[in-house]
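**Student:** Residue numbers (the numbering used here), protein chains in the order written: chain A, 522 to 795; chain B, -1 to 310.
#1: Measuring only between beta-carbons, confirm whether residue 175/B sits less than 7 Å from chain A.
#2: What is the DSSP secondary structure of residue 75/B, reduced to helix, strand or coil?
#3: Restricting to runs no shorter than 3 residues, where is the beta strand (DSSP E) found entirely within the stretch 747 to 771 of chain A?
#4: For residue 624/A, is the classification buried or exposed, using 16 other Cβ atoms within 10 angstroms of its Cβ as the cut-off for buried?
#5: Since residue 730/A contacts residue 242/B with CB under 8 Å, what's their CB separation in whole angstroms?
#6: At a CB-CB cut-off below 7 Å, which residues of chain B make contact with residue 548/A?
#7: Are residue 613/A and residue 38/B closer than 7 Å when you measure CB to CB?
#8: Expressed to the nearest angstrom, what Euclidean distance is found between the alpha-carbon atoms of residue 114/B and residue 787/A?
#9: Touch check for the stretch 685 to 694 of chain A and the stretch 623 to 640 of chain A: three-plus C-beta pairs under 8 Å?
#10: Decide if residue 110/B is buried, meaning its Cβ has at least 16 other Cβ atoms within 10 Å, or exposed.
#11: Between residue 203/B and residue 217/B, how many whole angstroms is the CB-CB distance? I'm expecting something under 8 Å.
#12: Is it the case that the Cβ atoms of residue 723/A and residue 772/A are separated by a distance below 7 Å?
#13: Roughly how many angstroms lie between the CA atoms of residue 671/A and residue 46/B, to the nearest whole one?
#14: Assess, as a yes-or-no matter, whether the stretch 267 to 278 of chain B is touched by the stretch 50 to 61 of chain B under the definition of 3 or more beta carbon pairs within less than 8 Å.
#15: Once the 5 residues before and after residue 485/A are set aside, which same chain residues still bring their CB inside 7 Å of it?
#16: Looking at residue 181/B and residue 119/B, is the spacing between their C-beta atoms short of 7 Å?
#17: Give, in chain order, every unbroken run of the beta strand (DSSP E) that is at least 3 residues long and sits entirely within the stretch 153 to 197 of chain B.
#18: Given a threshold of 16 other Cβ atoms within 10 Å of its Cβ, counted over all protein chains shown, does residue 738/A qualify as buried or as exposed?
#19: Run down chain A in chain order and give the residues with a C-beta less than 7 Å from the C-beta of residue 260/B.
#20: Are the C-beta of residue 698/A and some C-beta of chain B separated by less than 7 Å?
#21: Can you list the residues of chain B that residue 594/A reaches, using a CB-CB cut of under 8 Å?
#22: Do residue 669/A and residue 35/B come within 7 Å of each other at the CB atom, strictly closer than that value?
#23: What residues in its chain sit with their C-beta under 7 Å from that of residue 178/B, if we drop five residues either side in the sequence?
#24: What three-state label does DSSP hand residue 110/B in the structure shown?
#25: Can you look up residue 290/B in the DSSP assignment and give me helix, strand or coil?
#26: Tell me, please, whether the CB atom of residue 209/B is closer than 7 Å to any CB atom in chain A?
#27: Have a look at 611/A, 549/A and 535/A and flag the residue whose alpha-carbon is nearest the alpha-carbon of residue 28/B.
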């Protein structure tokens, strides 16, 4: 390596360090906050590495039985909304791609532009009339606003790239369209479905705005539960940060583990719900 | 049901044109379930919102048709106009800053270095993390006495700030969070653009002895312009609608210093339960986003034309 190349290498690493550090430092600080006792969290200058580690913060959060309820609520809402979205969205993406009905994507676009709150006003009234408030059903239904467009959008894009030859061959052999979809198109589309699944799960899990309006005391999802902790525990940062970390941990793990799918999905559709 | 729908039209079209057989309307069966869902959760709410916006509609009192009264009320509602101003400032900053930083980051991530994949994963964590959880930690970091940000500032000799606790600094502080959160998305989109650029222009530039800045300004930037435009558009749509971060950190405060249209809409609809007026805000809000998108499209079109006209 010539000196010039070495300087460029060092420069590059410096740049990498600068652009990655806001993310790294933030999450390290979040971990630090969550592992400190109040004395250390209220210290100035701030303590980065505490002498005593407060595992108790996590134990407290996990031990409260409400937290478990909210965790289960989140699982049910995100799980159902994602499953339903895949159930209707994957065939729809297939149909739209095969019919080349690109104009129908306008609806997805409108859904993408619409602020989440404007769905809430009419649907809130509807759920009230139907007497569904107080159950998880309203949240499952309204999370479809997030998950269905993501799934349809990604699946249209994916089915457009999968080869038609196999499907045509199967059709000529006398298979029905449903059979072709079920046995030819669907297996090939598995990676696309994985992308749609991951993004739908993440954006549904993270959703906050639907929950604060529709969730009652028993039906909160985790983001809403964490938000409510802020107002009650203004000054206990340790448990709060621990709770925040637990809420977002599944998503962060998914981000690191399924990075390739996420990047593919985001750059293809660049979709985000709510 | 699908069998019924697909049998008839296929049979009819086989005789006419054999190639058309692969694209008959029978694929509708696949779309129908999603169509029902979309009608129920996207189209119906929209139609109903428009109808509600024409009524005096408050929870607990009878509704009356008032025509465009709610819309007229908007034009003289100082809180709405102020919120619109906040929204525009917040949006402009939250589009420009991530675009600049995201492009620079993309150029860095386009290079080859060890651990690039992993670091890219770390880099995109802010935008995937749960916004409320993020907002919570930022609130702690913004704390004027105990927050780590003021400590870091003091290390480089900058006096302590009030961040989100002062009307003058609250919007820039929130933009800081928004930028931190969404720069990765711009980076990913631009990175996709960079990957698609051919290498020849760079080779000839190197032969001509162009500087790094010249290469970026005259080769890279024009070629990634379409991607920057898409990133800017997406960023605009998201920044206008930004809710979680603002609501969780300031709820529009202090006072109403960071109240954007979306936050105001929340208050009107779900704190005052004035659903008719809230619906009118929702409709105007949507139109505003469409208008901003149209302006951006128009600006892009103009830019393309001047480029062609100047022979670039």
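C-beta atoms are modelled at their ideal positions from N, C-alpha and C, and glycine is treated no differently. Because the structure is a prediction, the values reported are computed rather than measured.
**Tutor:** Concretely, from the data shown:
#1: no
#2: coil
#3: none
#4: exposed
#5: 7 Å
#6: 123
#7: no
#8: 18 Å
#9: no
#10: exposed
#11: Sure, about 6 Å apart at Cβ, within 8 Å.
#12: yes
#13: 24 Å
#14: yes
#15: There is simply no residue 485/A to check, as chain A begins at 522 and stops at 795 in what is shown.
#16: Not in contact: residue 119/B and residue 181/B (Cβ atoms no closer than 7 Å).
#17: The stretch 153 to 197 of chain B contains no whole beta strand (DSSP E) run of 3 or more residues.
#18: exposed
#19: 636 and 638
#20: yes
#21: Ordered by position in chain B, no residue passes the 8 Å Cβ test against residue 594/A, which lies about 15 Å from the chain.
#22: yes
#23: Within the same chain, and ignoring the five residues on either side of residue 178/B in sequence, the residues whose Cβ sits closer than 7 Å to its Cβ are 124.
#24: coil
#25: helix
#26: no
#27: 611/A
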